[in-house]
Amino acid sequence: DTGVSQDPRHKITKRGQNVTFRCDPISEHNRLYWYRQTLGQGPEFLTYFQNEAQLEKSRLLSDRFSAERPKGSFSTLEIQRTEQGDSAMYLCASSRQTVLQETQYFGPGTRLLVL
Amino acid sequence: KQEVTQIPAALSVPEGENLVLNCSFTDSAIYNLQWFRQDPGKGLTSLLLIQSSQREQTSGRLNASLDKSSGRSTLYIAASQPGDSATYLCATTNAGKSTFGDGTTLTVKP
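Structure follows, in C-alpha cells:
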C-alpha cells in the first residue's frame, strides 16, 4: 500500500493553455475524489468517482474542467484554456467504501500556477 | 447547502498545554465527520473519523467528539508538542461529497 500519488507535483503554465493532472489511488479503493484548495482555505469538492462512474460534480466546476477514471483505477483532471483564477493546489483522495467507515486518504497535491 | 466553520482561525499555545479545536456544521444529515492535519504545502493526513452514529473517537493524545444535534465537533489534543504545529481541518461527508472548514492553524511554542 503505497498511498495516493499525484503527478506532476508542480505545474506552471501560461494562461490559455491546457493542463492535465493524474492521480493514482490506493489500490482496491473504489472511490476517488478531486478537490481544489487555495491559500488559507479548506479544500473545495470538485468531483468524485465510484469505480469508473462519475457520481457527482460540483457546480463550481466550469465546462473547462473534465475528469475521467476510465478503468476505475487512476484518474485524470484536465483544465482547458486555463485562467489565472485556476491557480491553486489540486488534491486527490481515495477511499474504500465500507459499511463501517470511509476514511479518505489524500495525495500530496499538484500545485498549479497560471501566469 | 452544508457549511462548516472552524473557530479560531489560529491558536498559539505553550508546549504541554491541553487544547480544544472547534468545528461547527449547519446540516446534521452527515454520514461521518473527519479531522485532518495539514502541514504547509502538503496534502492532508487523516487523524480521526467519527461515524454519524458515534459520539467520539480516540487515537493516542487525540480525542474527537461529535454532537450531531447541535452541529458540533471538537478535537481535543492532550499534552501538546511543537510537532503538533499544523493546520487542523474538519470535514463532513454526505452522499460521497465532503465539505471542509477553513481550518485552525495551531502553533505550539517550545
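Read top to bottom, the protein sequences are chains A and B.
Every letter in the first sequence is one number past the one before it in our numbering, and letter 32, counting from 1, is 32.
Plus 1000 on top of the position in the second sequence (first one is 1) and you've got our numbering.
By construction, the Cβ of each residue, glycine as well, lies at the ideal position given by its N, Cα and C atoms.
Shortest alpha-carbon distance to residue i belongs to which of the options?
| i | options | result |
| --- | --- | --- |
| A1086/B | A1095/B, S1070/B and S1046/B | S1046/B |
| N1022/B | K1097/B, W1035/B, S1028/B and Q1002/B | W1035/B |
| R1061/B | V1020/B, I1007/B, F1100/B and G1103/B | V1020/B |
| F1025/B | T1058/B, L1011/B and N1094/B | N1094/B |
| K1001/B | I1007/B, A1029/B and N1018/B | A1029/B |
| A1078/B | Q1006/B, N1063/B and L1089/B | N1063/B |
| L32/A | T2/A, Q6/A and Q50/A | Q50/A |
| Q104/A | T1107/B, I1050/B, G1041/B and D1039/B | I1050/B |
In whole angstroms, what separates the C-alpha of residue i from that of residue j?
| i | j | result |
| --- | --- | --- |
| I12/A | Q1054/B | 44 Å |
| C92/A | V1013/B | 32 Å |
| E121/A | E1015/B | Outside the modelled stretch of chain A, which goes from 1 to 115, sits residue 121/A, for which no answer is possible. |
| Q37/A | A88/A | 6 Å |
| L113/A | G1096/B | 29 Å |
Mark residue i as exposed unless 16 or more other C-beta atoms lie within 10 angstroms of its C-beta, in which case mark it buried.
| i | result |
| --- | --- |
| H10/A | exposed |
| V4/A | buried |
| Q97/A | exposed |
| E102/A | buried |
| R1037/B | buried |
Based on the DSSP secondary-structure assignment, which residues constitute the bridge partners of residue i?
| i | result |
| --- | --- |
| E44/A | R36/A |
| L77/A | F21/A and A67/A |
Hey, does residue i have any beta-carbon neighbour from chain B nearer than 8 Å?
| i | result |
| --- | --- |
| F21/A | no |
So residue i contacts chain D; which residues on that side make the cut at Cβ distance below 9 Å?
| i | result |
| --- | --- |
| R31/A | Note that chain D does not occur in the displayed structure, where the protein chains are A and B. |
So with Cβ pairs under 8 Å, would you call residue i a contact of chain A?
| i | result |
| --- | --- |
| K1001/B | no |
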